[in-house]
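S.K.: Numbering (the UniProt record's numbering), first residue to last: 1 to 535.
Ideal Cβ placement from N, Cα and C applies to all residues, glycine included.
Keep in mind the model is a prediction, meaning the values are calculated, not measured.
1) In this structure, does DSSP put residue 321 in helix, strand or coil?
2) I'd like to know whether the C-beta of residue 29 is nearer than 9 Å to at least one C-beta of chain C.
3) Using a Cβ distance threshold of 8 Å, determine whether the stretch 411 to 421 contacts the stretch 377 to 388, with at least three qualifying pairs required.
4) By DSSP, does residue 442 sit in helix, in strand, or in coil?
5) Thinking just about the alpha-carbon of each residue, which of 151, 340, 49 is nearest to the one in residue 76?
6) Closest to residue 244 by CA distance: which of 332, 137, 156 is it?
7) Mind checking residue 267: buried by the 16 CB within 10 Å criterion, or exposed?
8) Decide if residue 532 is buried, meaning its Cβ has at least 16 other Cβ atoms within 10 Å, or exposed.
9) Only counting the same chain, and skipping five residues up and downstream in sequence, which positions put a Cβ closer than 8 Å to that of residue 88?
10) Would you mind working out which of 507, 488, 369 sits nearest residue 332, comparing C-alpha positions?
11) What are the start and end residues of the beta strand (DSSP E) that includes residue 217?
12) Could you give the distance in angstroms between the alpha-carbon of residue 408 and the alpha-carbon of residue 440?
13) Quick one: complete alpha helix (DSSP H) runs, 4+ long, within the stretch 24 to 82?
14) Return the residue from the list 363, 410, 132, 519 that minimises the CA-CA distance to residue 240.
15) When the Cα atoms are used, what is the spatial distance from residue 252 to residue 142?
16) Mapping the DSSP letters down to three states, classify residue 535 as helix, strand or coil.
17) So what does DSSP say about residue 360, is it helix, strand or coil?
18) Take every Cβ of the stretch 475 to 485, pair it with every Cβ of the stretch 495 to 512, and state whether three or more of those distances are shorter than 8 Å.
19) Please tell me whether residue 178 and residue 108 are closer than 9 Å, where the distance is taken between their beta carbons.
20) Locate the beta strand (DSSP E) running through residue 139, then write down its first and last residues.
21) Pop quiz: residue 430 and residue 466 are said to be a contact at Cβ under 8 Å. What is the actual Cβ separation, rounded to whole angstroms?
22) By how many angstroms is the C-alpha of residue 463 removed from the C-alpha of residue 456?
23) Determine the DSSP secondary structure at residue 312, reduced to helix, strand or coil.
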């Protein structure tokens with residue numbers, strides 16, 4: 001009997017020691033005060049059990065009461081062991097769940113790279129510790145086309161394969177994040193431009209070989225912008241990412257792989273922002289004007305057409321030209337509104353222009369944003385229905401680069417325009433590397449040779465050859481040819497010798513307001529009529 005009671009108490013002590021170990025582990029997992037109190041109570045229980053075991057050891061006779069008490073202590077220790085064991089299991093499971101949630105909260109589900117939240121936290125942490133670094137924002141070029149043409153699932157596989165390539169190209173201590181869509185961020189552990197360009201070159205080298213996705217070769221290119229934190233100025237993650245974003249759009253616009261944000265770019269961005277705000281007001285107040293630049297027949301010098309060009313008069317008397325605000329309209333999603341405005345104004349002005357020449361054609365420029373603009377076609381249909389203008393008097397100009405960037409959409413838009421009765425012209429022909437592909441694949445009726453070739457054809461033999469070849473091929477394909485950038489009488493003679501159809505440039509006339517253009521056309525017609533009398 002004495003042995004049984006002693007064994008039960010000793011077993012209880014072993015159970016409490018096991019509980020003490022478990023409680024110690026729990027205290028390491030949780031800092032809650034209650035677990036430390038429990039740890040102290042178990043130590044106190046062990047002392048109590050030990051005291052009782054000494055008492056039993058000294059007894060010569062143990063009655064049933066002591067055996068019962070020893071049994072209670074033994075099973076009590078088992079209860080404490082179970083409670084601590086289950087508590088530890090629950091806390092560990094909870095911690096694993098927290099870690100899992102934390103991991104997925106800061107990890108991109110597709111690429112398993114750290115995500116935007118983790119990126120921002122890392123940037124803020126580095127700023128707090130005043131650790132110098134650079135932020136590189138990477139945006140894929142034309143990734144939307146992959147999703148639209150092959151599907152989002154295929155696009156996801158491209159992103160996954162791309163992330164693996166980018167990880168391999170990381171230089172030591174640099175970190176890669178995917179912050180959403182087709183945008184990635186690199187944190188570069190250096191602030192020198194040399195290090196930034198070195199990392200960029202490593203990425204470019206890694207992407208020289210196309211990605212292999214489901215047996216298809218996918219060529220991936222990107223535009224990147226970088227901003228630098230040097231520990232001196234006060235910055236935050238938002239400001240650094242914004243700077244990198246501005247630089248990235250500059251890179252995309254200038255066809256560079258990387259642009260580093262600097263003060264000049266900051267000033268330019270503020271200027272562009274003010275222009276975009278003023279541009280919205282200009283649409284509301286209708287201060288943007290449509291001017292018309294004459295296009296003449298090369299042989300007869302008679303007016304054949306005019307091109308509608310935007311001008312933005314300012315209160316100080318200055319005139320903002322299209323090259324200074326059209327790209328801002330594109331980046332601020334105002335370009336569609338601008339296109340619709342010009343078209344409406346042309347349909348208002350065209351009857352007046354036709355009064356002085358009933359064969360006149362007005363050229364209107366379209367942007368790549370107009371490809372997906374359903375309002376454009378609705379407006380044209382409405383204008384043709386409710387106005388007296390015949391569609392044959394309107395020719396739409398699309399740049400070669402726009403057409404090549406999406407042949408299918410270009411073809412679809414051109415087909416609709418032609419079905420409505422309009423003509424289509426290729427603007428800036430020769431500016432890209434797929435000029436003849438455009439002539440072969442798209443139903444255009446005229447080309448406008450890029451001004452850079454026309455302006456240099458007198459002194460550059462290669463430009464002469466390109467102009468001659470373009471005109472020869474266009475003629476064979478029964479396309480009219482307009483030479484743009486005619487600013488010299490000698491160029492006029494050269495182009496006439498090549499049997500160029502039409503001429504446009506400052507040597508002929510600058511863009512004029514409607515009334516002045518009508519006067520110019522009328523006076524030009526009178527002069528031609530007078531000259532014909534003496535022929």
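M.R.: Walking through what the data contain:
1) Stepping through the chain shown from its first residue, residue 321 is reached at position 321. Three-state DSSP puts residue 321 in coil, outside helix and strand.
2) Any reference to chain C falls outside this structure, which holds one protein chain only.
3) With three or more CB-CB distances shorter than 8 Å, the stretch 411 to 421 counts as touching the stretch 377 to 388.
4) As a working mapping, residue 442 is identified with position 442 in the chain shown. Shown here, residue 442 sits in coil according to DSSP, grouped into three states, outside any helix or strand.
5) Position 76 of the chain shown holds residue 76. When only C-alpha atoms are compared, the closest one is 49.
6) Here residue 244 corresponds to residue number 244 of the chain shown, with the count starting at 1. With distances taken between Cα atoms, residue 244 lies closest to 137.
7) Along the chain shown, read from residue 1 onward, the residue named residue 267 stands at position 267. With a threshold of 16 other beta carbon atoms within 10 Å, residue 267 falls short and is exposed.
8) Indexing the chain shown from 1 puts residue 532 at position 532. Confidence is the limiting factor: at residue 532 the pLDDT is only 48, short of 50, which leaves the residue's position unreliable and the question unanswerable from this model.
9) If you number the chain shown from 1, residue 88 lands on position 88. The residues are 22, 25, 26, 29.
10) Taking the chain shown and counting its residues from 1, one reaches residue 332 at position 332. Per the Cα distances, 369.
11) To locate residue 217, count along the chain shown from 1; it is residue 217. For residue 217, the uninterrupted beta strand (DSSP E) segment begins and ends at 216 to 218.
12) One-based indexing of the chain shown puts residue 408 at position 408. One-based indexing of the chain shown puts residue 440 at position 440. Between residue 408 and residue 440, the alpha-carbon positions lie close to 13 Å from each other.
13) Inside the stretch 24 to 82, DSSP marks whole alpha helix (DSSP H) runs of 4 or more residues at positions 33 to 58, from first to last along the chain.
14) Against the chain shown, residue 240 aligns to sequence position 240. Residue 240 has its Cα closest to that of 132, out of 363, 410, 132, 519.
15) As a first step, residue 252 is located in the chain shown; it is residue number 252 there, counting from the start. As a first step, residue 142 is located in the chain shown; it is residue number 142 there, counting from the start. Rounded to whole angstroms, residue 252 to residue 142 spans 11 Å at the Cα level.
16) On the chain shown, position 535 is the one that residue 535 refers to. Confidence at residue 535 is low in this model, with a pLDDT of 43, below 50, so the placement of that residue should be treated as unreliable; the coordinate-derived value is given next. Here residue 535 sits in coil by DSSP.
17) Taking the first residue of the chain shown as position 1, residue 360 is located at position 360. Coil at residue 360, not helix or strand.
18) Two segments are said to touch when three or more pairs of C-beta atoms, one from each, lie closer than 8 Å; by this definition the stretch 475 to 485 touches the stretch 495 to 512.
19) Here residue 178 corresponds to residue number 178 of the chain shown, with the count starting at 1. Here residue 108 corresponds to residue number 108 of the chain shown, with the count starting at 1. The criterion of a C-beta distance shorter than 9 Å is satisfied by residue 178 and residue 108.
20) Counted from its first residue, the chain shown places residue 139 at position 139. Residues 133 to 140.
21) The residue given as residue 430 occupies position 430 in the chain shown. The residue given as residue 466 occupies position 466 in the chain shown. So it is a contact: roughly 6 Å between Cβ atoms.
22) Numbered from 1 along the chain shown, position 456 holds the residue referred to as residue 456. Numbered from 1 along the chain shown, position 463 holds the residue referred to as residue 463. Cα to Cα, residue 456 sits roughly 6 Å from residue 463.
23) Numbered from its first residue, the chain shown carries residue 312 at position 312. The answer is strand: DSSP assigns residue 312 an E or B state.
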